[in-house]
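**Student:**
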Amino acid sequence: MRLLIPKKYSPRALPQLLWNSPTFTTWGSFITTSLKGLILYPFILTRFDTEEVATWLLFLSAIALSNLMDLGFLGSFSRQIAYAMGGVKSTVRYQRDYDYGKDVSGVTNWELMGKLYGTMGYIFVGLGLMALLLLSTFGTLAVARTIAFNTDPNQFWAAWWVIVASVSVGIYGRKYRTVLHGMNYIPLMNRWNIFFNSTGVVAAIAVLYIFNSILALVIVTQTFSILSILRDRYLLKHVVEEKRFKDYPSFFWEPEIFRAVYSPTWRSALGMFASGGVTEITGIIYAQVANAEMLAAYLLALRLINLVSAASRAPFYSKVPLFTRYRAEGKIEALIKNTKRSMAIALYVFILGILTVGQFVEPLLSLLQTEVTFVPLSLWLLMSNVWFLERHHAMHAQTYGTMNHEPFYIPITISGAINITLALLLLKPLDVWAFPVAQGFSNLLINNWWNVKISLRSLGQPAFSYMKTSFILPLIAFIGFQMLLFVARG
């Protein structure tokens, strides 16, 4: 008896299905991004001393913090572009009782799309200049102490200014990625990201072998960052949607569009800085008080948990434009089904990554015979539990955000202030433990439950019915595997 397999899942069709899959290609992009870090880390840990490694890791924290400098405009414009693709007549502004399936033609509103693209030009130029100013002043002060640890600080100052210039240009270049993301060209972008990540890591390793220099490494990695911007610009203007973006003005001010995106954007910006921003700031705070060995251990843990978190986002974040379109078209049942499944997969991927690092990182550091150490397993698992809960409530915030409403800025700002205040108070008695303790406590007060509550209310779903498979089962699995890891590690 022949099995009845849907045509799209047949062996012949599978390569094409994976090639055009947002989730599969996003996984590929995140995996190559993660491998880029995991492959480079052993080279850097074995070729440079603790002070140089600590400085390089601090630079990575500064770059990660600068990723928040789009102030939420990337997400807000991406949603508006998704709405325009769904056929809305004008920009969508949040209303409590707004009918998201009303007045949607299903045919892309290209007139609105052109106005969105032009308005983005002015806004992202301003964001790039703001990034240049902040990195040149506050950023420079933040890295000065750690750079001074090194025997050749001039090399690291040169590397820092390369980062400042390239990141500022990169902020402006995000407008191209925003448009492609909003139009759901995620597989196309990810396929190119996989190629650039792979060639980038080969180039970085070659540079390390030839020059054995952090400065040379920074120049290569930031050059690939600029090349990625040029690539996205080319794809938008010369590949997708019959090249129509080539004829759109790069700068066109539409006040109504700015008003529609401004309200959710500044709220989103506060939320990003009070959550992810605060996490990265902990590394910068610790850099002002810790010695090079302790700083390197914490920053390595912070970078690895960021890599795991980034990889776990693929199943959910790759589908946010689709979720937004479901909301715009009033397809709530499809939104419920797909967000629930994507959340569960994302959390299981996070668990796998955390346990892998916990089991193998210390033996690997020992094998490499590096001076750099890692944080204790108990601290790593505390950080992981805090991030697990944060990953969950962040996905609910994204689900609610498909309504183009960002109410999270007040609770996240409050929890962020509590987080930083508590961390500073506990830093002396608890040392590095102060950061996950403060983050976990502040999140438990508000974000871990409130984000989930309003997301479920927007979907009209009871908590247990929705969370049984999307959160409760992954949480039970995570607790059980942590116990096994403790036993395995003795």
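Residue numbers for the sequence shown follow our numbering, so the first one is 3 and each next one is one higher.
Glycine included, each C-beta is placed from N, C-alpha and C at the ideal position.
This structure is a prediction, so every number in the text was calculated from the model and none was measured.
1) Quick test of your reading: S168 and S215, contact by CB under 8 Å. State the CB separation rounded to the nearest angstrom.
2) Evaluate contact between the stretch 156-175 and the stretch 110-118, counting only Cβ atoms and requiring at least three cross-stretch pairs below 8 Å.
3) DSSP three-state call for V109: helix, strand or coil?
4) If I measure Cβ to Cβ from T284 and keep anything under 6 Å in the same chain, skipping five residues before and after, which residues do I get?
5) Under the criterion of a Cβ to heavy atom distance below 7 Å, does P257 qualify as lining the ligand GTP?
6) For I422, is the classification buried or exposed, using 16 other Cβ atoms within 10 angstroms of its Cβ as the cut-off for buried?
7) Can you give the beta carbon distance from R49 to F126, rounded, assuming they're within the 8 Å contact cut?
8) What are the uninterrupted segments assigned as alpha helix (DSSP H) that are 4 or more residues long and contained completely in the stretch 110-181, given in chain order?
9) Is N186 helix, strand or coil by DSSP?
10) Quick check: is the beta carbon of N450 nearer than 8 Å to any beta carbon in chain C?
11) Give, in chain order, every unbroken run of the alpha helix (DSSP H) that is at least 4 residues long and sits entirely within the stretch 309-373.
12) In whole angstroms, what separates the C-alpha of G332 from that of R459?
13) With respect to the alpha helix (DSSP H) encompassing S68, which residues constitute its N-terminal and C-terminal limits?
14) Going by beta carbon distance, what residues of the same chain come within less than 7 Å of G30, once the five residues before and after it are set aside?
15) Look up S23 in the DSSP assignment and say whether it is helix, strand or coil.
16) Is it buried or exposed for P189, if we count other Cβ within 10 angstroms and need 16 for buried?
17) Specify whether the stretch 319-327 and the stretch 77-87 touch according to this definition: at least 3 beta carbon pairs, one from each stretch, less than 8 Å apart.
18) Consult DSSP for D249 and reduce its assignment to one of helix, strand or coil.
19) Taking the alpha-carbon of H395 as reference, which of L349, P365, R233, F362 has the nearest alpha-carbon?
20) Going by beta carbon distance, what residues of the same chain come within less than 7 Å of T223, once the five residues before and after it are set aside?
21) May I ask you to report which of helix, strand or coil DSSP gives S200?
22) Distance check for V280 and D433, CA to CA, integer angstroms please.
23) When the distance is taken between beta carbons, is S311 closer than 8 Å to F352?
24) Compute the Euclidean distance between the alpha carbons of L428 and Q400, then round it to the nearest angstrom.
25) I'd like the list of long-range same chain contacts for L487, defined as Cβ closer than 7 Å, with 5 residues on each side in sequence excluded.
26) Starting from L487, trace the alpha helix (DSSP H) in both directions and tell me its first and last residue.
27) Taking the alpha helix (DSSP H) that F437 belongs to, which residues open and close that run?
28) So, with DSSP's three-state summary, where would you put N293?
29) What do you reckon, are the CB atoms on L301 and L135 nearer than 8 Å?
30) Give the straight-line distance between the Cα atoms of Q441 and N387, rounded to the nearest whole angstrom.
31) Go ahead and pull the three-state DSSP assignment for F275.
32) Using CA coordinates, which residue listed in L391, L237, G123 is at the minimum distance from L76?
33) Look up G74 in the DSSP assignment and say whether it is helix, strand or coil.
34) Using only the alpha-carbon positions, how far apart do I46 and L461 sit?
**Tutor:** On the basis of the supplied data:
1) Within the sequence shown, numbered from 1, the residue matching residue 168 stands at position 166. Within the sequence shown, numbered from 1, the residue matching residue 215 stands at position 213. At roughly 17 Å, the Cβ-Cβ gap does not stay under 8 Å, so S168 and S215 are not in contact.
2) no
3) Taking the first residue of the sequence shown as 1, we reach residue 109 at position 107. It is coil, neither helix nor strand.
4) For the purposes of this step, residue 284 is identified with residue 282 of the sequence shown, where counting begins at 1. Correct list, in chain order: F437.
5) As for the ligand GTP, it is missing from this structure, which has no ligand bound.
6) The residue given as residue 422 occupies position 420 in the sequence shown. Looking at its Cβ environment, which holds 16 or more other Cβ atoms inside 10 Å, I422 is buried.
7) On the sequence shown, position 47 is the one that residue 49 refers to. On the sequence shown, position 124 is the one that residue 126 refers to. Rounded, the Cβ-Cβ distance is 37 Å, inconsistent with contact.
8) 112-136, 142-149
9) Translated into positions along the sequence shown, residue 186 becomes position 184. Residue state, collapsed to three classes: coil.
10) No chain C is part of this structure, which consists of one protein chain only.
11) 322-330, 334-370
12) On the sequence shown, position 330 is the one that residue 332 refers to. On the sequence shown, position 457 is the one that residue 459 refers to. If you take the alpha carbons of G332 and R459, they lie about 15 Å apart.
13) Along the sequence shown, one-based indexing puts residue 68 at 66. That run of the alpha helix (DSSP H) goes 52-68.
14) Taking the sequence shown and counting its residues from 1, the one referred to as residue 30 is at position 28. These residues qualify, in order along the chain: N192, I196.
15) Within the sequence shown, numbered from 1, the residue matching residue 23 stands at position 21. Of the three classes helix, strand and coil, the one that applies to S23 here is coil, per DSSP.
16) Translated into the one-based positions of the sequence shown, residue 189 becomes position 187. P189 is buried by the Cβ-count criterion.
17) yes
18) Counting from 1 along the sequence shown, the entry for residue 249 is found at position 247. Here D249 sits in coil by DSSP.
19) Here residue 395 refers to the residue found at position 393 of the sequence shown. Per the Cα distances, L349.
20) Within the sequence shown, the letter at position 221 stands for residue 223. Closer than 7 Å at Cβ, skipping near neighbours: G202, A206.
21) Your numbering for residue 200 matches position 198 in the sequence shown. S200: helix per DSSP, three-state reduction.
22) Within the sequence shown, the letter at position 431 stands for residue 433. Within the sequence shown, the letter at position 278 stands for residue 280. If I take the Cα positions, the gap works out to 17 Å.
23) In the sequence shown, counting from the first residue as 1, residue 352 sits at position 350. In the sequence shown, counting from the first residue as 1, residue 311 sits at position 309. It is a contact, given that the beta carbons lie within the stated cut-off.
24) Taking the sequence shown and counting its residues from 1, one reaches residue 428 at position 426. Taking the sequence shown and counting its residues from 1, one reaches residue 400 at position 398. Looking at the two C-alpha atoms, the distance is approximately 31 Å.
25) Start at 1 with the first residue of the sequence shown, and residue 487 comes out as number 485. Contacts found: L357, G360, Q361.
26) In the sequence shown, the residue the question calls residue 487 occupies position 485. L487 -> alpha helix (DSSP H) spans 475-491.
27) To locate residue 437, count along the sequence shown from 1; it is residue 435. Here the alpha helix (DSSP H) through F437 covers 436-447.
28) Taking the sequence shown and counting its residues from 1, one reaches residue 293 at position 291. N293: coil per DSSP, three-state reduction.
29) In the sequence shown, counting from the first residue as 1, residue 301 sits at position 299. In the sequence shown, counting from the first residue as 1, residue 135 sits at position 133. No, Cβ-Cβ distance for L301 and L135 is not below 8 Å.
30) Numbered from its first residue, the sequence shown carries residue 441 at position 439. Numbered from its first residue, the sequence shown carries residue 387 at position 385. So the two alpha carbons sit approximately 11 Å from each other.
31) Taking the first residue of the sequence shown as position 1, residue 275 is located at position 273. Three-state result, F275: helix.
32) Residue 76 sits at position 74 when you count from the first residue of the sequence shown. Closest by alpha carbon: G123.
33) Here the question's residue 74 lines up with position 72 in the sequence shown. It is coil, neither helix nor strand.
34) Locating residue 46 in the sequence shown gives position 44, counting from the first residue. Locating residue 461 in the sequence shown gives position 459, counting from the first residue. In a straight line, the C-alpha of I46 is about 47 Å away from that of L461.
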